[in-house]
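Worksheet: the structure to be examined is printed underneath.
In the working numbering, the protein residues as written are 323 to 742.
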């Protein structure tokens, strides 16, 4: 009996070693294939491979050199993690079937990029066109309107080192996908992004025909040391005290957003001032309503945009209410120059002259026009009307970079607004 037990234990040990060796060889084969395929644009090297029985495989000492940019990215340890060995095997099977894997997580330790390298120069270059993103990230900093490589070097940054965790969970039955990304960058802060997709097909090829819908988005910034350093650095550039620069930064944010037609409610500006003074935690949640399209939000009234996005804002763990803004005419706002700061007065909300409500009965007269539809259940649609036939309005609706054909029953439409 004792011999049987010993042989059984030995057999289990042999099987375990075979599985571990198989994992090691599989990862090495994948890495060697990747090195060969990417060699024309990227030179990849690594020091070793790790694997475990709990569904983790990884690579140590990873370097990716980019000859095109004369730069490189270094990762101390990159690890692919699953709930268990069974999930790891299922991952490979679903990939072979052309389907999205149901679960995956990637851990990165010591992802490092040189601040003075061409990659950071490209990332932090001043964009040619101004938009909402540039309005939020622009700064009042003497001759600089954006924080670039030179400014980062002046602030003491030499390399950016990040520990990151990326994971997603796909549920084929419910057709939902949940994505999470956490990044802790040394001397900068902890950043978190998560979002959920509904109507998510398990086959990548179906996404173009039937794109998923964003059901929620969450952005979170914790212990924002980067913002503290920027405020201190730019205050010195302008020869201002920390208290005086705080007001300057808020005025600059206000002016930059107004240049993009957005005037924040005074309560919201005051909340941002609180965060700029002590950037502990900032959390933004969006819960878009079903049928909302991201393109063309300026077509809607400001209150309707808030209703569709259903935002939640927490500044240093305190909820900010009310969340409101108004549309303003950007031609009234003086542009912010490189060496000047402008405090623009809040413009009263104006009724857009180019929009007009029309009756549902007269829809056929507006074929070829871009319309906004509001249904009785509060769903919003925006698109180009093709025709009205058999009690239905047929239209093309934008979804991200593509479009889809759909129809609405006339008895479900509450309001219609036309872009003249």
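Quick reminder that beta carbons are idealized off the backbone N, C-alpha and C, glycines included.
Residues 519, 521, 522 of the same chain have their beta carbon placed closer than 6 Å to that of residue 534, with the five preceding and five following residues left out of the count.
According to the DSSP assignment, residue 460 belongs to no beta strand (DSSP E), since it is labelled neither H nor E.
When C-beta atoms of the segment 415–430 are compared with those of the segment 387–403, three or more pairs fall below 8 Å, so the two segments count as touching. Boundaries of the alpha helix (DSSP H) around residue 550: 547–560.
Under DSSP, residue 412 shares a beta bridge with no residue. Contact between the segment 578–594 and the segment 505–519 is absent: fewer than three C-beta pairs spanning the two stretches fall below 8 Å.
With a cutoff of 7 Å on beta-carbon distance, residue 694 and residue 739 are scored as near each other. Between residue 442 and the set 472, 463, 486, the nearest pair of CA atoms involves 472. The three-state reading of DSSP puts residue 569 in helix, counting H, G and I together.
Within its own chain, the residues whose Cβ lies closer than 7 Å to the Cβ of residue 548, once the five positions on either side in sequence are excluded, are 510, 511, listed in chain order. Take the alpha-carbon of residue 717 and the one of residue 545: they are about 47 Å apart. Between residue 475 and residue 438 the beta-carbon gap is near 6 Å, inside 8 Å, which marks them as a contact. With respect to the 7 Å criterion, residue 463 and residue 551 are not classified as neighbours on the basis of their beta carbons. In the three-state reduction of the DSSP assignment, residue 370 falls in the strand class. Assignment of residue 493 by DSSP, reduced to helix, strand and coil, places it in the strand class.
For a cut-off of 8 Å, the C-beta gap from residue 460 to residue 578 is around 5 Å, short enough to register as a contact.
The way I'd put it, the segment 605–617 does touch the segment 527–542; three or more beta-carbon pairs between them come closer than 8 Å.
For residue 595, the enclosing alpha helix (DSSP H) begins and ends at 588–599. A check of alpha carbon separations from residue 650 across 388, 580, 554 identifies 580 as the nearest. Per DSSP, the beta-bridge partners of residue 394 are 387. Shortest Cα-Cα distance from residue 698 to any of 734, 711, 685, 393 involves 734. In the structure shown, residue 473 adopts helical secondary structure according to DSSP, grouped into three states.
Taking all protein chains in view, the Cβ of residue 712 is surrounded by fewer than 16 other Cβ atoms within 10 Å, so the residue is classified as exposed. Contact between the segment 641–649 and the segment 614–632 is established, with three or more Cβ pairs separated by less than 8 Å. Only residues of its own chain outside the window of five on either side were considered, and among them 396, 481, 483 have a CB closer than 6 Å to the CB of residue 434, listed in chain order. In terms of CA proximity to residue 728, 710 leads the group 710, 736, 737.
The shortest CA-to-CA distance from residue 468 to any of 452, 478, 479, 448 is the one to 448. Burial of residue 571 is indicated by the presence of at least 16 other C-beta atoms within 10 angstroms of its C-beta.
Distance from the CA of residue 653 to the CA of residue 630, rounded to the nearest whole angstrom, comes to 27 Å.
Residue 424 holds the alpha-carbon nearest to the alpha-carbon of residue 409 among 490, 424, 418. A distance below 6 Å between beta-carbons, with the five flanking residues on each side excluded, links residue 705 to the following residues of its chain, in chain order: 717, 718, 719. Under the three-pair Cβ rule at 8 Å, the segment 526–533 does not count as touching the segment 451–460. Of 368, 569, 362, 436, the smallest CA-CA separation from residue 393 is found for 436. In the structure shown, the three-state DSSP call for residue 625 is helix. By the criterion of a C-beta distance shorter than 8 Å, residue 458 is surrounded in its chain by 575, 578, 579, once the five residues flanking it on both sides are discounted. Within a 10 Å sphere around the beta-carbon of residue 614 sit 16 or more other beta-carbons, which makes this residue buried.
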